[in-house]
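Participant: For reference, the structure I am asking about is given below.
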Amino acid sequence: MATQIFKAQAFKALHEGPGTFVIPNPWDAGSARMLASLGYQALATTSAGYAFSMARPDGALKLEDTLANVRAIVAASDLPVAVDLENGFADDPALCAESLLRAASAGAVGGSIEDATGREDGPIYCFEHAVARIEAAVATARSLPFPFTLTARAENYLHGNPDLADTIRRLQAFAEAGADVLYAPGLRTAAEVLAVVQAVAPKPVNVLMSGGLKLNVAQLSEMGVRRISVGSAMALAAYGEFFRAAREIQEHGTFGFTERSMPYAQANQLFKG
Numbered sequence: 001m002a003t004q005i006f007k008a009q010a011f012k013a014l015h016e017g018p019g020t021f022v023i024p025n026p027w028d029a030g031s032a033r034m035l036a037s038l039g040y041q042a043l044a045t046t047s048a049g050y051a052f053s054m055a056r057p058d059g060a061l062k063l064e065d066t067l068a069n070v071r072a073i074v075a076a077s078d079l080p081v082a083v084d085l086e087n088g089f090a091d092d093p094a095l096c097a098e099s100l101l102r103a104a105s106a107g108a109v110g111g112s113i114e115d116a117t118g119r120e121d122g123p124i125y126c127f128e129h130a131v132a133r134i135e136a137a138v139a140t141a142r143s144l145p146f147p148f149t150l151t152a153r154a155e156n157y158l159h160g161n162p163d164l165a166d167t168i169r170r171l172q173a174f175a176e177a178g179a180d181v182l183y184a185p186g187l188r189t190a191a192e193v194l195a196v197v198q199a200v201a202p203k204p205v206n207v208l209m210s211g212g213l214k215l216n217v218a219q220l221s222e223m224g225v226r227r228i229s230v231g232s233a234m235a236l237a238a239y240g241e242f243f244r245a246a247r248e249i250q251e252h253g254t255f256g257f258t259e260r261s262m263p264y265a266q267a268n269q270l271f272k273g
């Protein structure tokens, strides 16, 4: 079993290049094992995907839920695992940093902290407070006996404020505070992605690929993107197929979905490892 220090060093090296890598987002141990079998180099949790698996909406997880998810995913493979820590499960910078420390203790070698409050009234932390939270998280990450890769997220685009200038201002401040990776989920165009990459260079940038951004790995690599994630998209793909299968039975009384299913023997073999 790979040690946490080895995993942390390998994860750090991925961000140093050369090239671009995709970090897929499993939502449980089973999906983590499947992704590891396909040759991916690292995994990142998805708070939304995991919440859905627990019959909860996105944003309803507690820190203890997330830590349990991290432990399960870490145990499922030898790959480095980064954790979606949402807003650190606290407003206070010190408590936010404590969440990072606990995630590291659960086996994570990287994690993200966002500047979203989780509240409808005032969904984004003010600039100064957002930076203070990243500064506290950086200090805690640097105190660990291995290189914990901290990703700082600017959430404007996911909360109805597609202000590129303010997003870049925040990302630059997070980079100055010591964040290792910068991330603005919800970017809509290649021009916006390129602007972010150039604004925080040479720090690596993570780009979230979802339905709205029509780019592929090669195109993102050409733009200088170092890391690509998919958030809850793979969980939604799995849930979508499950839902369509259930609806086919209910509405048509047919079982055509079985022709598209993974063979039992293949699935069973994956989980013997």
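Sequence positions in the sequence shown follow the UniProt record's numbering and run 1 to 273. Note that the Cβ used here is the ideal one computed from N, Cα and C, for glycine as well. What you are looking at is a predicted structure, and each value in this text was computed from that prediction instead of being measured.
I need the straight-line Cα distance from Val230 to Glu248, nearest angstrom please.
Facilitator: To locate residue 230, count along the sequence shown from 1; it is residue 230. To locate residue 248, count along the sequence shown from 1; it is residue 248. One C-alpha to the other measures close to 27 angstroms.
Participant: Using beta-carbon positions only, say whether Leu220 and Thr20 come within less than 8 angstroms of one another.
Facilitator: Sequence index remark: in the sequence shown, residue 220 carries index 220 (1-based). Sequence index remark: in the sequence shown, residue 20 carries index 20 (1-based). Yes, these two residues count as a Cβ contact at 8 angstroms.
Participant: Rounding to the nearest angstrom, what Cα-Cα distance links Leu236 and Arg227 in this structure?
Facilitator: Taking the first residue of the sequence shown as position 1, residue 236 is located at position 236. Taking the first residue of the sequence shown as position 1, residue 227 is located at position 227. So the alpha carbons of these two residues sit roughly 21 angstroms apart.
Participant: Which of the three DSSP states is assigned to Leu182 in this structure?
Facilitator: If you number the sequence shown from 1, residue 182 lands on position 182. In the structure shown, Leu182 sits in a strand (DSSP, three-state: E or B).
Participant: Compute the Euclidean distance between the alpha carbons of Ile113 and Leu182, then round it to the nearest angstrom.
Facilitator: Locating residue 113 in the sequence shown gives position 113, counting from the first residue. Locating residue 182 in the sequence shown gives position 182, counting from the first residue. Cα to Cα, the separation comes out at about 10 angstroms.
Participant: Whole angstroms is fine: what's the gap from Ala10's alpha carbon to Pro80's?
Facilitator: Here residue 10 corresponds to residue number 10 of the sequence shown, with the count starting at 1. Here residue 80 corresponds to residue number 80 of the sequence shown, with the count starting at 1. Their Cα atoms are separated by approximately 7 angstroms.
Participant: Are Ser210 and Ala190 close, meaning C-beta to C-beta below 8 angstroms?
Facilitator: Taking the first residue of the sequence shown as 1, we reach residue 210 at position 210. Taking the first residue of the sequence shown as 1, we reach residue 190 at position 190. For Ser210 and Ala190, no; Cβs fall outside 8 angstroms.
Participant: Is it right to say Phe89 is buried, meaning 16 or more other beta carbons lie within 10 angstroms of its own, or is it exposed?
Facilitator: In the sequence shown, counting from the first residue as 1, residue 89 sits at position 89. That one is buried.
Participant: Could you name the residues of the same chain whose beta carbon sits closer than 8 angstroms to that of Leu43, not counting the 5 residues immediately before and after it, in chain order?
Facilitator: Here residue 43 corresponds to residue number 43 of the sequence shown, with the count starting at 1. Closer than 8 angstroms at Cβ, skipping near neighbours: Ile23, Pro24, Asn25, Pro26, Ala32, Leu35, Ala36, Ile73, Ser77, Leu79, Pro80, Val81, Ala82.
Participant: For Gly49, I'd like the list of residues in its chain whose CB is within less than 6 angstroms of its CB, leaving aside the five on either flank, ordered along the chain.
Facilitator: Against the sequence shown, residue 49 aligns to sequence position 49. Around Gly49: Trp27, Ser232, Ala235.
Participant: Excluding five sequence neighbours on each side, which residues of the same chain lie with their C-beta closer than 7 angstroms to the C-beta of Arg170?
Facilitator: On the sequence shown, residue 170 is found 170 positions in, with the first residue counted as 1. Within the same chain, Arg170 has close Cβ partners Asp115, Phe127, Ala130, Ala154.
Participant: Hey, Val217 and Val207: beta-carbon distance below 8 angstroms or not?
Facilitator: The residue given as residue 217 occupies position 217 in the sequence shown. The residue given as residue 207 occupies position 207 in the sequence shown. In this structure, Val207 does not lie closer than 8 angstroms to Val217 by Cβ.
Participant: Opposite residue 284 in the DSSP bridges: which residues?
Facilitator: Residue 284 lies beyond the range of the chain shown here (1 to 273); nothing can be said about it.
Participant: Would you decide whether Arg119 is buried or exposed? Buried here means 16 or more other CB atoms lie within 10 Å of its CB.
Facilitator: Here residue 119 corresponds to residue number 119 of the sequence shown, with the count starting at 1. Exposed: under 16 other Cβ atoms inside 10 Å.
Participant: Check this for me: beta carbons of Ala152 and Ala108, under 8 angstroms apart or not?
Facilitator: On the sequence shown, residue 152 is found 152 positions in, with the first residue counted as 1. On the sequence shown, residue 108 is found 108 positions in, with the first residue counted as 1. No, the pair does not count as a contact, with Cβ atoms beyond the cut-off.
Participant: Check each candidate in Ala184, Ile124, Leu100 and name the one with the smallest Cα separation from Ser143.
Facilitator: Working through the sequence shown from its first residue, we reach residue 143 at position 143. Residue Leu100 is the option with its Cα nearest to Ser143.
Participant: Short check: CB of Ala97 to CB of Ala137, under 8 angstroms?
Facilitator: Within the sequence shown, the letter at position 97 stands for residue 97. Within the sequence shown, the letter at position 137 stands for residue 137. Their beta carbons are under 8 angstroms apart, which means Ala97 touches Ala137 by this criterion.
Participant: Hey, Ala195 and Ile168 are a contact pair by Cβ (cut 8 angstroms); roughly how many whole angstroms apart?
Facilitator: The sequence position of residue 195 within the sequence shown is 195, counting from 1. The sequence position of residue 168 within the sequence shown is 168, counting from 1. Between Ile168 and Ala195 the Cβ distance is about 7 angstroms, and since that is below 8 angstroms, they are a contact.
Participant: Please give me, in chain order, every unbroken run of the alpha helix (DSSP H) with length at least 4 that falls completely inside the region 111-195.
Facilitator: Whole alpha helix (DSSP H) segments, 4+ residues: 127-142, 164-177.
Participant: The alpha helix (DSSP H) that contains Ala235, what's its start and end?
Facilitator: Position 235 of the sequence shown, counted from the start, is the residue given in the question as residue 235. Per DSSP, Ala235 belongs to the alpha helix (DSSP H) from 233-252.
Participant: If you drop the 5 nearest sequence neighbours on each side, which residues of the same chain put their C-beta closer than 6 angstroms to that of Leu213?
Facilitator: Working through the sequence shown from its first residue, we reach residue 213 at position 213. Correct list: empty, nothing qualifies.
Participant: From the DSSP output, in three-state form, read off Ala104 for me.
Facilitator: Position 104 of the sequence shown holds residue 104. Here Ala104 sits in helix by DSSP.
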